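S.K.: Before I ask anything, let me first share the structure, which is written out below as structure tokens.
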Amino acid sequence: MSMWIDSDRVGLWIRQLATESEILTIDVKPGWKKGTKITFPDKGNEQPQQLPADLVFVIDEKPHDIYTREGNDLIIHQTIPLVDALTGTTVNLKTLDGRDLVIKLTDVVSPGYELVVAKEGMPVVKEHGKRGNLRIKFDVSFPSRLTSEQRVSIRRVLGGSHT
Numbered sequence: 001m002s003m004w005i006d007s008d009r010v011g012l013w014i015r016q017l018a019t020e021s022e023i024l025t026i027d028v029k030p031g032w033k034k035g036t037k038i039t040f041p042d043k044g045n046e047q048p049q050q051l052p053a054d055l056v057f058v059i060d061e062k063p064h065d066i067y068t069r070e071g072n073d074l075i076i077h078q079t080i081p082l083v084d085a086l087t088g089t090t091v092n093l094k095t096l097d098g099r100d101l102v103i104k105l106t107d108v109v110s111p112g113y114e115l116v117v118a119k120e121g122m123p124v125v126k127e128h129g130k131r132g133n134l135r136i137k138f139d140v141s142f143p144s145r146l147t148s149e150q151r152v153s154i155r156r157v158l159g160g161s162h163t
């Protein structure tokens, strides 16, 4: 990321403030967290009889439409229909780096179930090759109504009472 800055400088010969323009480049590293500070020493404004100030940028995170971040983990909420929660399904996700991730669900998924996919989260800064986890939090959508035949079939299959 490059940024154009203007800073006030004290002229050495005339002791007067002059504006100096410069382009600074920040090499944003994958995995940097909100609050990470990047300091450019002596690039801030200058006043007579004072040293130039440091210019400090603080990283903020842009919200993502699908994923949220918790530390180095990425979290996604996935809603699946009740039939898939009971019988299994395949979840297809697009990772932040553009890869297609295919996850086969074979467990029965209850509301609030969380599946952890190791090493598919954010890169861990200063630990080359290490990544956080992808945490998929499931919501189960239930049908809004059932026919009497469907109710009988479900009771027969699941072994519920006949009330």
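In terms of UniProt numbering, the sequence shown has 118 at position 118, counting the first letter as 1, and numbering is strictly consecutive. The C-beta atom is built at its ideal place from N, Cα and C for all residues, glycine as well. Nothing here was measured: the structure is a model prediction, and the numbers come from that model.
Would I80 and D139 qualify as a contact pair, given that the criterion is a beta-carbon distance under 9 Å?
M.R.: The answer is yes: Cβ separation under 9 Å.
S.K.: Shortest alpha-carbon distance to L134 belongs to which of R145, A118, F142, L146?
M.R.: When each option's Cα is compared against that of L134, the closest is A118.
S.K.: Quick one: residues in its chain with C-beta nearer than 6 Å to the C-beta of Y113, no 5 flanking neighbours on either side, listed in chain order?
M.R.: If we look at Y113 and ignore the five residues flanking it on each side, its Cβ neighbours are F138.
S.K.: I'd like to know if the segment 51 to 64 and the segment 140 to 158 are in contact, where contact means that at least 3 CB-CB pairs between them fall below 8 Å.
M.R.: Segments in contact, no.
S.K.: When the Cα atoms are used, what is the spatial distance from P111 to H128?
M.R.: If you take the alpha carbons of P111 and H128, they lie about 36 Å apart.
S.K.: Helix, strand or coil for E149, going by three-state DSSP, please let me know.
M.R.: Three-state DSSP puts E149 in a helix.
S.K.: From this set, S21, V125, G35, which residue's C-alpha is nearest K43's C-alpha?
M.R.: Of S21, V125, G35, the residue nearest in Cα terms is S21.
S.K.: Could you compute how far the alpha carbon of G121 sits from the alpha carbon of I26?
M.R.: Whole-angstrom Cα-Cα distance: 23 Å.
S.K.: What would DSSP say about I154, mapped onto helix, strand or coil?
M.R.: Reduced to three states, the DSSP call for I154 is helix.
S.K.: Sort out for me which residues DSSP pairs F138 with in a bridge.
M.R.: Paired residues: Q78.
S.K.: Is the separation between the beta-carbon of K34 and that of I59 shorter than 9 Å?
M.R.: Yes. Within cutoff.
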